[in-house]
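Residue 933 is where the sequence shown starts when you use the numbering used here, and the numbers rise one by one after that.
Note sheet for the following structure.
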Amino acid sequence: MRVLVVEDEVRLAEAIRRGLTAEGFKVDLAHDGVDGLWKATENRHEAIVLDLMLPAMNGYDVCRTLRARKVWTPILVLTAKDGDYDEADALDLGADDSLTKPFSFVVLVAHLRALVRRGAPERPAVLVAGDLTLDPSEHRVRRGDVVVDLTPREYGVLEHLMRRSGDVVSKTELLEAVWDTNYDGDVNVVEVYVGYLRRKLDIPFQRHAIQTVRGAGYRLARDGG
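Next comes the structure, spelled out in structure tokens:
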């Protein structure tokens, strides 16, 4: 498995490289955003570890540019200890997961293995279900001509449902796809976020796109409800 680590702290980057190599990963390093963007674009990787605070080009811009170029390699961003907004912004721009510094190496490996298992299937330019659209490259959701603002978690739940539109998706599958890999809370948190989505995407437009399948999970109607 080949991983790109984009981290400007040379000692930390080298420690990550040594540790991942010992775990069987092949590791490419970059110490600034410009080099990281070039390596991520020109070479194939199973995952990218991306620090947000980088010289030359910050991690936000690297992430945004990769997604705009339709590079869908899973991205794990490294954020500051008090970086809740950093995490939210990065997820909005297309990152797949986040980890707060300082972190346990064991946890880093677990996050990476989870991202690699998910893989990076080719993502269509725009997901469509009737008049409900989701543009992954812009992280933008519309109901008809109306732009609907979603939180990163709401967006993640909707994106997964839209990629599986017409299929029943269990709460467990949504947790594994959208929540942190170490989340061990109540599975019913999914129900809460589905409620948020209904209040933003269905109720104001008199639609019923997100359907509850009793005992099984949720289904997004292919016609957008």
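Ideal placement from N, C-alpha and C gives every residue a C-beta, glycine not left out.
Predicted model, so just to flag it, every value in this text is computed and none were measured.
With contact defined as three or more Cβ pairs closer than 8 Å, the region 1116 to 1128 and the region 1032 to 1051 are not in contact. According to the DSSP assignment, Lys-958 belongs to the beta strand (DSSP E) that extends over 958 to 962. A direct Cα-Cα distance of roughly 29 Å separates His-963 from Val-1110. With a cutoff of 8 Å on beta-carbon distance, Leu-969 and Met-989 are scored as near each other. Scanning Asp-1099, Leu-1093, Leu-1040, Gly-1156 for the CA closest to the CA of Ala-979 turns up Leu-1040. Between Glu-1091 and Leu-1066, the CB-CB gap stays under 8 Å. Rounded to the nearest whole angstrom, the CA to CA distance from Asp-1077 to Arg-1154 is 18 Å. A Cβ-Cβ contact shorter than 8 Å links Pro-1084 with Leu-1023. Residue pairing by DSSP puts Thr-1032 in a beta bridge opposite Thr-1011. In terms of Cα proximity to Cys-995, the closest of Thr-1144, Ala-972, Thr-1104 is Ala-972.
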